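Structure, as structure tokens:
Residue numbers (my numbering): 120 to 583.
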């Protein structure tokens, strides 16, 4: 997405050293990296512009997770290189996961890129850009810079892309799970916990900047602390985050069934700030498929955890994702997943078709399924989920629930849109709100008056 320069960075910039545009692609973890790079460049005196055309340079923070994301990233790179070739743009710098994954091979594919920076190179962004724009570097050979991770990088001083009232808080980097279908460890490295005091410092900085909702992200949030402290400390971290003044909502994303302890369930159930929402990608439910995925969890484990969560948090909104068409998935195994989705009645559900990722163990498995079979299974699961989602919305009618206001409704003048406790930004649903004097970031008590399927409508009763 093309970024604009409508917000002010946390640190006041000095006299402008040049203009740059920025494109951030991919997941919320990548977005945090983008905000950190933006903050460092703004603090060093560079000016962010809304349009790449006419800028001194553009930085593209890419996604390399699955093939559609890689193609999107390559499309944006080529679009920017076209502007450069036409003399409408200075330099093109490619950063992020695609840069990390392909390295020198990417430079061969798009040879007129000026620099390629891996995911752990963001702290050197200012030096790289200074060198890129200096006259003496005009004829410098194109470079690929991919340093190895040493520790979790700080995310203070961010120039935020999200609306002022919510922000993503990244608590660790990398992943130790080694799921056979996933290339993330090869790009992001092993799991590295960010020290608790650093996380709390970042949360306080965000709260001081107007953030009311924190969205906790990592490759695996529940693994937090194991590498640094010798034990998982996600529950302890949440307790400390609850103490941060100004933060009203805390939302957990990217959880994993393993290490989801009874202590963690109790912390969520008893909290006045942690919303009853949990994002936990399950990927499949059949034991043989789970073994081939190397998920290190069984159906029985998942069902036990879900039962505990539902008992402790009766109004929990559970979001999950599944992979349709993993290599060797039989029709019988797929039907087991279908029956599980019927039974579990997840409030929020996404389904991806299996994407063959070069270099992953799953790419070497036999019995890869045809694309049409994978797509048919994806469609079948989503068709099954639709009435479940609609039923949940119908069950909210007449209830009074909390929502956070995101801004004016672009479709209905005088109304606002927001999200309930059950909805994370960008990936879930919205609520249309009727009320007076509402502002972005308000947390409101709302009586649910209608639904159009996935989305709700409500009348604001009070603002806190």
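Backbone N, C-alpha and C define an ideal beta-carbon position, used for all residues, glycine too. Just so it is clear, the structure is predicted and the values come from calculations on it, not from any experiment.
- Contact fails between the segment 471-487 and the segment 525-544, because fewer than three Cβ pairs, one in each stretch, are under 8 Å apart.
- Here the alpha carbons of residue 192 and residue 573 stand approximately 30 Å from one another.
- For the 8 Å CB-CB criterion, residue 241 and residue 155 form a contact.
- Residue 332 counts as buried, since at least 16 other C-beta atoms from the protein chains shown sit within 10 angstroms of its C-beta.
- The continuous stretches of alpha helix (DSSP H) do not include residue 289, which lies in the beta strand (DSSP E) extending over residues 285-289.
- Within the same chain, 534, 578, 579 come within 7 Å of residue 553 by CB-CB distance, once the 5 residues on both sides are set aside.
- Listed in chain order, the alpha helix (DSSP H) runs fully inside the segment 363-395 are 381-389, counting runs of at least 4 residues.
- By the Cβ neighbour-count rule, residue 201 is exposed, with fewer than 16 other Cβ atoms within 10 Å of its own.
- Cβ-Cβ separation between residue 288 and residue 311: approximately 16 Å, too far for a contact (criterion under 8 Å).
- Counted as a single uninterrupted DSSP element, the beta strand (DSSP E) harbouring residue 441 occupies residues 436-443.
- Counting along the chain, residue 198 sits inside no beta strand (DSSP E); it lies in the alpha helix (DSSP H) bounded by residues 186-204.
- Check the Cα spacing between residue 183 and each of 145, 176, 167, 208: the tightest is with 145.
- At a Cβ-Cβ threshold of 8 Å, residue 432 and residue 388 count as neighbours.
- The way I'd put it, the segment 511-524 does touch the segment 555-574; three or more beta-carbon pairs between them come closer than 8 Å.
- Rounded to the nearest whole angstrom, the C-alpha separation of residue 273 and residue 472 is 34 Å.
- Annotation note: the segment 403-480 contains the following uninterrupted alpha helix (DSSP H) runs of length 4 or greater, listed N- to C-terminal: 406-412, 418-431, 450-463.
- The beta-carbon distance between residue 279 and residue 286, rounded to whole angstroms, is 6 Å. This is short enough to meet the 8 Å contact definition.
- Taking residue 197 as the centre and dropping the five residues before and after it, the same chain places the C-beta of 229 closer than 8 Å to its C-beta, in chain order.
- Under the three-state reduction of DSSP, residue 292 is assigned to strand.
- DSSP places residue 582 within a strand segment (E or B) once states are collapsed to three.
- Residue burial is scored here from C-beta neighbours: residue 545 has fewer than 16 other C-beta atoms within 10 angstroms and is therefore classed as exposed.
- Of all C-beta pairs linking the segment 406-417 to the segment 463-471, fewer than three are shorter than 8 Å, placing the two stretches out of contact.
- Beta bridge pairing from DSSP links residue 179 with 142, 213.
- DSSP places residue 227 outside any beta strand (DSSP E); the residue lies instead in the alpha helix (DSSP H), whose first and last residues are 223-228.
- Ranked by Cα distance from residue 459, the first of 143, 440, 218 is 440.
- With at least 16 other beta carbons inside 10 angstroms of its own, residue 493 counts as buried.
- For a cut-off of 8 Å, the C-beta gap from residue 329 to residue 560 is around 7 Å, short enough to register as a contact.
- Excluding the 5 residues flanking it on each side, residue 353 has same chain C-beta neighbours closer than 7 Å at 340, 341, 343, 344, 383, in chain order.
- With a contact defined as Cβ atoms closer than 8 Å, residue 214 and residue 178 qualify at about 6 Å.
- In this structure, residue 247 sits away from residue 165, with a CB-CB distance that is not shorter than 8 Å.
- In the DSSP assignment, residue 553 falls within the beta strand (DSSP E) that extends over 550-553.
- Rounded to the nearest angstrom, the gap between the Cα atoms of residue 446 and residue 159 is 43 Å.
- Taking a C-beta distance under 8 Å as the contact criterion, residue 209 and residue 176 qualify as a contact pair.
- Looking at the backbone, the Cα of residue 371 and that of residue 336 are separated by about 7 Å.
- Rounded to whole angstroms, the gap between the alpha carbons of residue 502 and residue 547 is 17 Å.
- Taking residue 362 as reference, the option from 451, 392, 505 with the minimal CA-CA separation is 392.
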